[in-house]
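K.L.:
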Amino acid sequence: MPASGADSLKPSAFIPVCTAACLLVGSTSLFFVFTCPWLAVTVCPAVPPCCAVLFLFVLANFTMATFMDAGVLPIANEDEDKDDEFRAPLYKNVDVKGVQVRMKWCASCHFYRPPRCSHCSVCDHCVEDFDHHCPWVNNCIGRRNYRYFFLFLLSLTFHMIGVFTFGLIYVLHHMDELWKLHCTITLVVISISGLFLIPVLGLTGFHLYLVSRGRTTNEQVTGKFQGGVNPFTRGCCNNLEYLVCSPISPGYTARPCKKSVIHIQPPFLRPEIDRQMPAKVRDNGIQSHDLQNRVWANRSHAKVKPRTVKYFPAYHLRIMGHHTKSIIPVSIPTVPQLRPVLEAISRGSSPIPPEQVLLSRIGSQQAGLPVQTNSTSSSLHLNSLTLNSRSLTLKHGNRHGSKYHLPAMHGDSLGSNPPPSIINSSSLLANHGSSSNLSYDNLINPADPQYLAQRGAPPVGYHPHYMSLGADATVLQRSSPHAYSPVFMGVARQSPQPRDSSPLQGLTSRDPSPSLQGFIQRDPSPSFQGLMARDLASQSVTSRDLTPPGLVMRDMTSQSLRDSLRDLGPQGMTPPKSAAARYDNFSKTIMASIHERREMEERERMLRLQARSQALYGPDVGIYDIPCRRSLPPESIRQPGSRGPTPPAYGSREFLMSTGILGYGMRTSPLSSSSTSSLTRGPKTSSSPLQSSSSSSLQSKGRSSSPAYCTTDRQTQPLPSSTSTLPRLTSSSTSSAPSYTSYATAKRSSLTYSSEGKDSVTLGALK
Amino acid sequence: MSTDTEHSASLANKVFIQRDYSEGTTCKFQTKFPSELESRIERTLFEDTVKTLNNYYAEAEKIGGQSYLEGCLACATAYLIFLCMETRYEKVLKKIAKYIQEQNEKIYAPRGLLITDPIERGMRVIEISIYEDRGSSGSSSGSSSVSGSTAR
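Protein chains in written order, with this note's numbering: chain R, 1 to 767; chain C, 1001 to 1152.
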């Protein structure tokens, strides 16, 4: 029951102080009147003056202890806590001389209590270095008046000892006159002083002990430093010195009003900020933009329509995501458009699966993504490995720059669609990365030795990958079940949101297409060339069919793609073969169609994921984590049929990727506010400490944490928080908790983290 | 008060510099540069201000000859000395107030910032108010001039 300040003004509150005052003054006065004259005469004339001085000292300290502000902290302005009211944890940990000390949020005063500060329920305010509320002086004892209180106790003890001793001497000398007035009064006086000497002596000794240990009564009673280290002690001697000699800190309330008017008039000076950072990003983007443009231009020179830029959705994603936070629209070829291509692929006659076409388009037209069907198995194996490790490696994907973009891009373009032909192509692309394998592999597992080896040895090393792409029918069929392109999903998974920009930026900052360049520089192997010729021959027919859609898809928007294309373009034109040209045409059309389709799929998916992630993800959706169930939106929220014939299974890679891609664009979570509202520190009125404590136990103000950690927090929080978040009225008396430091440590670990978004998710999961 | 000037300032945000408790309960503020001020003031200026304030507070709370003498004198006079004499802490607080006023006038106000004396916040935070240029207003508005300190 948070008492109002009126408690100290209640008549009953004055009884102890009045009693104490009366007893003190009265007894001493009687002593001086009836006993001291005899003492002055008989014992020593200096006795009464000394007693008088001592009594004066007692009175002065008593007065200061009673009327001096103990160090009351004024209530914080609303501005100070308006951000924290509903989202901040109940406790904050701070490091004091290497010891973790817990600062509790004061719901009445609206700030985190400084170390050693406590809220006095009688006076209803926070007191700095709170010791206790003394009823005998009807005042809090805190930082500013503890010295006076201690000196009062000390001097009172001596005074009482003196009065008792001298009164006893008097009585002993007047044993035959015991019932005379003087003697009777002296008897009364010494009995009072003797009676109250014992508790006063005990209290003085207790406070002497506290001072020597550097603790406050509050800390002693609550056992905060029983087992641990007290960071506030300065050693016994220094503590005493601090007690007696330290300057009296000023009172914070009722300070003299000093108005000083300061004119703040715009225009304001601004510092010379380094604008390189955004410029860098911009430059990177611009560069890539230019690159893409250049590539695009080159490609258009090479009769490559701008649309081919869409082949780098990942790259584009990087740029776009940074600016627009949306998936780059990529046109995805329609099924009818791709049918010829797919048929060709399934026939095994097309050495260049759509993804490879894309890749080759991207980079190498020339270097050619040699599409060879031989090492399909190896590539398949590799792909599966990469796919399996994707969830883990994608985390680091952003470190590998544009390599990731390529595969992602391919995935985007190809993996997004239900139509079987497209699925095939997309799955082919996704699973085997084709030429995209190179980039896909880069994306998936940059550390993959094979990949590395292949990167090291461009043409030869790469081939297996390319080959693995294989327009192999078996490969296709095997990969067909995947509706989503893992590559695409991998792209999606690339940290959305806050991290979105960073990985993307990281990617953008890199040379747009190291892998593309790898493609470019790779000289086509003879086999590849042969294959190309063969493939192109077969593809040229289909490419003609596909030309119209391909042309339609040419309106590529991504400049990054253009840049990468540009990178690849000039270099890629190494195989000066008509086959290459035919290959180019074929790939063009295919790519165009694929891009169109991909674009459509992308848009759809974005919308779905956006809706989904908005419901589930808070601003922390940018946290890219090893997927776990907690981080996934509940299945119920997932849009049905989000992915066509085989929607990603909940918890599957595809699902994760798909959610990730939306998360990339997500910014707010509607649930977060509702979920976090129950996790506040408690209402401002602090009417229910228990409620606030329970809610705050689940609350934390972190912005990033793994879902697992968040859950751990949840599980661990209730236990410590239940004890720690007891109403403040009882908190001072409760914790027989373990040592203060260990307790604080446990509390800290359980309260520090977990983003709001995660909270909402876990809340949804748990509730 | 802004009169018929073209621009006026309005309070946009407040930054709170928290206490640094790493050395105990002695009054010390964190010198970490808040991100909200990155575009408003140079880091060095801000850090200089906070470090100077910390030095002032350290000087005020120093236990030494002067504080010992003050304590003895106070005891000897039954604390009546407090009625006529100002403690050292109070003197340093006045110096701090003057310093803050000067900093505001010279450095912070031209940048659209305003430091509030921490004593007004119970020595818990240094409150820095951030003002934004509201553009031309053409009319007098009181938002561009603020009172430096008030008593609670």
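We treat Cβ as the ideally placed atom computed from N, Cα and C, and that holds for glycine. Note that the coordinates shown come from a computational prediction; the quantities given were computed from them, not determined experimentally.
Of all the CB atoms in chain R, is at least one closer than 8 Å to the CB of C:GLN1101?
P.N.:
yes
K.L.:
Compute the distance between the beta-carbons of R:LEU210 and R:THR216, then report whether it is under 8 Å.
P.N.:
yes
K.L.:
Does the beta carbon of C:GLU1105 sit closer than 8 Å to a beta carbon anywhere in chain R?
P.N.:
Residue-level contact by beta carbon holds for C:GLU1105 and chain R, with a gap shorter than 8 Å.
K.L.:
Do you know offhand how far C:LYS1094's Cα is from R:ALA46's?
P.N.:
44 Å
K.L.:
Applying a beta-carbon distance threshold of less than 7 Å, which residues of chain R neighbour C:VAL1125?
P.N.:
GLU80
K.L.:
If we count the other Cβ atoms within 10 Å of its Cβ and call it buried at 16 or more, is C:LYS1106 buried or exposed?
P.N.:
C:LYS1106 sits exposed, since fewer than 16 C-beta atoms from the chains shown fall within 10 Å of its C-beta.
K.L.:
Report the neighbours of R:ARG270 on chain C: residues whose CB is nearer than 8 Å to its CB, in chain order.
P.N.:
Those within 8 Å of R:ARG270 in chain C are SER1039, ARG1040 and ARG1111.
K.L.:
Identify whether R:PHE225 lies in helix, strand or coil by the three-state DSSP scheme.
P.N.:
coil
K.L.:
For C:PHE1082, which residues in the same chain have their Cβ closer than 7 Å to its Cβ, ignoring the five residues on either side in sequence?
P.N.:
ALA1074.
K.L.:
Since I believe C:LYS1051 is in contact with C:THR1031 (beta carbons under 8 Å), could you give me their beta-carbon distance rounded to a whole number of angstroms?
P.N.:
By a beta-carbon distance limit of 8 Å, C:THR1031 contacts C:LYS1051. Their separation comes to about 6 Å.
K.L.:
Quick one: residues in its chain with C-beta nearer than 7 Å to the C-beta of R:ASN61, no 5 flanking neighbours on either side, listed in chain order?
P.N.:
TYR148, LEU151, PHE152 and SER155
K.L.:
Expressed to the nearest angstrom, what Euclidean distance is found between the alpha-carbon atoms of R:THR19 and R:VAL171?
P.N.:
Spanning the alpha carbons of R:THR19 and R:VAL171 requires a straight line of approximately 26 Å.
K.L.:
Contact defined as beta carbons within less than 8 Å: I believe R:CYS245 pairs with C:ILE1063. What is the distance between those atoms, to the nearest angstrom?
P.N.:
5 Å
K.L.:
Starting from C:ASN1055 and walking both ways along the alpha helix (DSSP H), at which residues does that stretch end?
P.N.:
1043–1060
K.L.:
Looking at C-beta atoms only, is the number of pairs between the segment 50–68 of chain R and the segment 1111–1127 of chain C that lie closer than 8 Å three or more?
P.N.:
no
K.L.:
So with CB distances below 7 Å, who are the chain C contacts of R:VAL244?
P.N.:
Chain order gives the chain C residues near R:VAL244 as GLY1071, where near means a beta carbon separation below 7 Å.
K.L.:
Check this for me: beta carbons of R:ARG144 and R:GLY71, under 8 Å apart or not?
P.N.:
yes
K.L.:
Going by C-alpha to C-alpha distance, which of R:THR28, R:ASP95 and R:CYS51 sits closest to C:ASP1020?
P.N.:
R:ASP95
K.L.:
Roughly how many whole angstroms lie between the Cα atoms of C:TYR1057 and R:GLU78?
P.N.:
26 Å
K.L.:
Name the chain R residues whose beta carbon is nearer than 7 Å to that of C:THR1087?
P.N.:
PRO247 and ILE248
K.L.:
Spatial neighbours of R:CYS106 within its chain, please: CB distance less than 6 Å, with the 5 preceding and 5 following residues excluded, ordered by chain position.
P.N.:
The beta carbon of R:CYS106 sits closer than 6 Å to the beta carbons of ARG113, HIS119 and CYS126 from its chain, once the five residues preceding and following it are set aside; these are given in chain order.
K.L.:
Is it buried or exposed, R:ILE264, if we count other Cβ atoms within 10 angstroms and call 16 or more buried?
P.N.:
buried
K.L.:
For R:PHE31, which residues of its own chain have a beta-carbon under 7 Å away from its beta-carbon, when the five flanking residues on both sides are left out?
P.N.:
VAL163, GLY167 and VAL189
K.L.:
What's the C-alpha gap between R:ALA88 and C:LEU1080?
P.N.:
46 Å
K.L.:
Would you decide whether R:TRP179 is buried or exposed? Buried here means 16 or more other CB atoms lie within 10 Å of its CB.
P.N.:
exposed
K.L.:
Going straight from the alpha carbon of R:TYR91 to that of R:ARG102, what length do you get?
P.N.:
6 Å
K.L.:
Considering only residues of the same chain and omitting the five flanking positions on each side of R:HIS133, which have a CB-CB separation below 6 Å?
P.N.:
CYS120, VAL122 and CYS140
K.L.:
Can you give the beta carbon distance from R:LEU73 to C:GLY1122, rounded, assuming they're within the 8 Å contact cut?
P.N.:
4 Å
K.L.:
Please say whether C:LEU1037 and C:ILE1096 have beta carbons closer to each other than 8 Å?
P.N.:
no
K.L.:
Measuring straight from C-alpha to C-alpha, what distance separates C:ARG1134 and C:ILE1128?
P.N.:
Whole-angstrom Cα-Cα distance: 18 Å.
K.L.:
Could you tell me the boundaries of the alpha helix (DSSP H) in which R:MET160 lies?
P.N.:
146–173
K.L.:
Counting C-beta neighbours from all protein chains within 10 Å, is the total for C:GLU1047 16 or more, i.e. buried, or is it exposed?
P.N.:
exposed
K.L.:
Check the DSSP bridge columns for R:ASP124 and list the partner residues they point to.
P.N.:
R:ASP124 is not bridged to any residue.
K.L.:
Within the same chain, show all residues whose beta-carbon is closer than 6 Å to that of C:ALA1060, passing over the 5 residues directly before and after it, in chain order.
P.N.:
TYR1089 and VAL1092, listed in sequence order.
K.L.:
Decide if R:THR42 is buried, meaning its Cβ has at least 16 other Cβ atoms within 10 Å, or exposed.
P.N.:
exposed
K.L.:
Would you check whether the ligand HEM has a heavy atom nearer than 7 Å to the C-beta of R:VAL58?
P.N.:
Within the structure as shown, the ligand HEM is missing, as the structure has no ligands at all.
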